[in-house]
Amino acid sequence: MFDIKWIRDNPEAFDKAMSLRKNVSVRASDLIAIDERRRQIIVRLNEAQEKRNTFSKQIGQAKAQKDEAKAAELMAEVAKLKEFIPAGEAEERAVEKELRDVLSSIPNMALDDVPYGEDESDNVEYFGQNGSAETVAKVRPAKPSFAFAPKEHFEVGVAEANMDFETAAKLSGSRFVVLKGQVARLERALGQFMLDLHTTEHGYLEVQPPVLVRDDALFGTGQLPKFEEDLFFTPHGDGRLALIPTAEVPMTNFVREAILSEEELPLRLTALTPCFRSEAGSAGRDTRGMLRQHQFNKVELVAITTPEEGENEHERMLAAAEAVLQKLGLHYRVMKLCTGDMG
3 MFDIKWIRDN PEAFDKAMSL RKNVSVRASD LIAIDERRRQ IIVRLNEAQE
53 KRNTFSKQIG QAKAQKDEAK AAELMAEVAK LKEFIPAGEA EERAVEKELR
103 DVLSSIPNMA LDDVPYGEDE SDNVEYFGQN GSAETVAKVR PAKPSFAFAP
153 KEHFEVGVAE ANMDFETAAK LSGSRFVVLK GQVARLERAL GQFMLDLHTT
203 EHGYLEVQPP VLVRDDALFG TGQLPKFEED LFFTPHGDGR LALIPTAEVP
253 MTNFVREAIL SEEELPLRLT ALTPCFRSEA GSAGRDTRGM LRQHQFNKVE
303 LVAITTPEEG ENEHERMLAA AEAVLQKLGL HYRVMKLCTG DMG
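Its first residue numbered 3, the sequence shown is counted upward by one per residue in the working numbering.
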């Protein structure tokens, strides 16, 4: 979440960054205006507190001098302040929440090397920090050619009776699947293969986090408030818990409110968990097969490091993910998302 002080100090930079993001209309002046209201309320509250303290001392002095009229007058002023201060504090909380709600809905600034664009058609292929199409072609499996028309994954799975969408629909509704036989075994094997690869060759620590988390964990990774409608919630005590949309949520929050020394970094974590998404807004898209399912299993990688090492660590993580596809001999491309496709 943006620091309002940074926005106050850098309004032009903030506005320029937000102009590159899709569907972002807020400007620095809007946020500064809300913050100015908050600051004015705080000033009035501080002044009221000082007056109350001063009047309280003067009441004691007046009573000591047997000046009951003066004491009564001061006590009346204190009574007014006792009404004003709680109302002012409530107003401050409301404006603070207003500011926090707006700030928490604003996307991050894109790095300078992110291409500008409107949608996925403006994404560009990425060849690494110092790579080229020629260098990556040596390590990325070539696109295969077939003497027959390849089938969709769900055509193969349904034909072999290993992807059962009908039974899943009977149990849970649309966007679920029951995997059976060789496909169930394949998914299990792929998950174990990825975990073994990342833990033994790439230095990641395997963890098994909870799949139910609190709202503050979801806020910490940006799922709340923006993607609330895409989450599944269940009542818990006086509040609620949410099923994780990705293991990134619990793993990133491992270090929330913690102070780490640089000697402890980087912290590299991996987990295989079920993930749950309502896929709100995707009606009519990818309605066949295993894409956009409400429930799916996924291996996640998370790395915690210093800001200075962030880009290098990201490249290392990307290489770990690519290694999976390379070892499986699967053709792939790495795409750099443009500003309009970053969500």
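Where is the CB? At the ideal position from N, CA and C, for every residue including glycine.
Notebook entry, point to check: Whose C-beta lies closer than 7 Å to the C-beta of residue 270 among residues of the same chain, with five residues either side of it excluded?
Noted result: 205, 206, 207 and 305
Next item on the list: Would you kindly check if the distance between the Cβ of residue 253 and the Cβ of residue 211 is under 8 Å?
Entry: yes
Next item on the list: Could you say which of 248, 55 and 268 lies nearest to residue 280 if we only look at CA atoms?
Entry: 248
Check: From 57, 273 and 224, pick the residue whose C-alpha is nearest to that of residue 198; which is it?
Finding: 273
Margin query: Counting beta carbon pairs with one atom in the stretch 178-185 and one in the stretch 316-326, are three or more of them shorter than 8 Å?
Written below: no
Note to self: Going residue by residue through the stretch 201-267, where are the continuous alpha helix (DSSP H) segments of at least 4 residues, counting only ones entirely within it?
What the structure shows: 217-222 and 250-255
Notebook entry, point to check: Going by Cα to Cα distance, which pick from 135, 203, 41 and 22 is closest to residue 115?
Noted result: 22
Check: When you compare only the Cα positions, how much space is there between residue 37 and residue 19?
Finding: 20 Å
Checklist line | residue 34: first and last residue of the uninterrupted alpha helix (DSSP H) it sits in | finding: 30-66
Notebook entry, point to check: Going by the beta-carbon positions, is the gap between residue 143 and residue 333 smaller than 8 Å?
Noted result: yes
Note to self: On the DSSP letters alone, give me the boundaries of the alpha helix (DSSP H) that residue 137 sits inside.
What the structure shows: 135-139
Notebook entry, point to check: Would you call the CB atoms of residue 255 and residue 222 closer than 8 Å?
Noted result: yes
Notebook entry, point to check: Where do the ends of the alpha helix (DSSP H) carrying residue 306 lie?
Noted result: Looking at the DSSP string, residue 306 is not in any alpha helix (DSSP H); the run it does join, the beta strand (DSSP E), is 297-306.
Checklist line | Residue closest to residue 327, alpha-carbon to alpha-carbon, out of 193, 118 and 233 | finding: 193
Notebook entry, point to check: Residue ranges of each alpha helix (DSSP H) run of no fewer than 4 residues wholly in the stretch 126-179, ordered along the chain?
Noted result: 135-139, 155-161 and 167-174
Notebook entry, point to check: Taking Cβ to Cβ, would you say residue 165 is nearer than 8 Å to residue 301?
Noted result: no
Notebook entry, point to check: Is the beta carbon of residue 282 less than 8 Å from the beta carbon of residue 231?
Noted result: yes
Notebook entry, point to check: To the nearest angstrom, how far is it from the Cα of residue 348 to the Cα of residue 268?
Noted result: There is no way to answer for residue 348, as the model of the chain reaches only from 3 to 345.
Notebook entry, point to check: From residue 308 to residue 209, what distance separates their C-alpha atoms?
Noted result: 21 Å
Check: So, is residue 81 buried or exposed, given that buried needs 16 or more other C-beta atoms within 10 angstroms?
Finding: exposed
Next item on the list: Report yes or no: do three or more beta-carbon pairs, one from the stretch 117-134 and one from the stretch 30-49, lie closer than 8 Å?
Entry: no
Next item on the list: Could you check if residue 83 is buried or exposed, using at least 16 other CB atoms within 10 Å of its CB as the buried criterion?
Entry: buried
Note to self: Going by DSSP, what residue range makes up the alpha helix (DSSP H) through residue 1?
What the structure shows: With the chain covering only 3 through 345, there is no way to say anything about residue 1.
Item checked: CB contact flag (residue 12, residue 189, <8 Å) -> no
Next item on the list: Look at the alpha carbon of residue 338 and the alpha carbon of residue 112, and state the distance between them as a whole number of angstroms.
Entry: 12 Å
Check: So, are the CB atoms of residue 219 and residue 234 less than 8 Å apart?
Finding: no
Checklist line | Where residue 325 sits in the DSSP three-state scheme | finding: helix
Margin query: In this structure, how does DSSP classify residue 111 when only helix, strand and coil are distinguished?
Written below: coil
Notebook entry, point to check: First and last residue of the alpha helix (DSSP H) that includes residue 16?
Noted result: 13-21
Next item on the list: Out of 341, 132, 14 and 76, point me to the one whose CA is closest to residue 314's CA.
Entry: 132
Item checked: Inter-residue Cα distance where the pair is residue 277 and residue 246 -> 6 Å
Note to self: Given a cut-off of 8 Å on the beta-carbon distance, is the pair residue 9 and residue 34 in contact?
What the structure shows: yes
Item checked: Cutoff 6 Å; reference residue 138; Cβ partners in own chain excluding five residues on either side -> 129
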